[in-house]
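One structure below.
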Amino acid sequence: MTDSKTVLNDLIHEWKGLGGRCQEMGLAFYRAVYDMQTDGKFYFLCAGSDGQDGPTDAAGVIVENMTKDCDPNQQILKQSDIDLRNHNSHHFFKTYYNKWFVKTGITGTNVMDIYCLYPCPSP
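Residue numbering for the sequence shown follows full-length UniProt numbering, beginning at 1 and increasing consecutively.
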């Protein structure tokens, strides 16, 4: 578990899509672990404590590792690359993994972003 405020300063002029720092981190994580072969399941929480990530109704996302079997034609993989490049993480999660959004509503506080990797115990 960690906390932070990620910064995308060098890319801000290229910002074309919808989403915030936490959704962007979640999509980058999803893409990074896509090719990993793991036996266990894990979850990665990326959320802002203020309840709003970018100009969206989500505080962030909880990403879970998926197997390649869930994407036989690699369509989701291809779209993840496009949406990551265009900083359109909200579109990606809304289209493919809407249930991964963390929606708390506005909390009235802004401490920082929270990141937590949770490996599930083996059965």
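Glycine included, each C-beta is placed from N, C-alpha and C at the ideal position.
Assumed close pair residue i, residue j - CB separation to whole angstroms, cut-off 8 Å
i     : j     : result
Ile76 : Tyr96 : 5 Å
Ser80 : Tyr43 : Wrong, their Cβ atoms sit about 17 Å apart, outside the cutoff.
Same chain, Cβ closer than 7 Å to residue i, neighbours up to 5 away in sequence not counted
i      : result
Thr38  : Asn65
Val111 : Ser49
Endpoints, alpha helix (DSSP H) assigned at residue i
i     : result
Cys22 : Arg21 to Val33
Ala96 : Position check: residue 96 holds Tyr in this sequence, whereas Ala was assumed. Unbroken alpha helix (DSSP H) run through Tyr96: Ser89 to Tyr96.
Ile76 : Gln75 to Arg85
Span of the beta strand (DSSP E), counted from its first residue to its last, around residue i
i      : result
His111 : A small fix is needed here, since residue 111 is Val in this sequence, not His. Unbroken run through Val111: none, as it is neither H nor E.
Cys46  : Phe42 to Gly48
Ile62  : Gly60 to Glu64
Length of the line joining the Cα atoms of residue i and residue j
i      : j      : result
Leu45  : Pro119 : 11 Å
Ile114 : Phe93  : 18 Å
Asn88  : Thr104 : 21 Å
Asp57  : Lys41  : 27 Å
Lys99  : Gly26  : 13 Å
His90  : Gln74  : 19 Å
Asp69  : Lys16  : 31 Å
Lys78  : Asn86  : 13 Å
Own chain, CB closer than 6 Å to residue i, minus 5 neighbours either side, in chain order
i     : result
Cys22 : Cys46, Ala47, Gly48, Asp53, Gly60 and Asp113
Nonlocal neighbours in the same chain, by C-beta distance under 8 Å from residue i, ignoring five residues either side
i      : result
Ile106 : Asp50, Gly51 and Gln52
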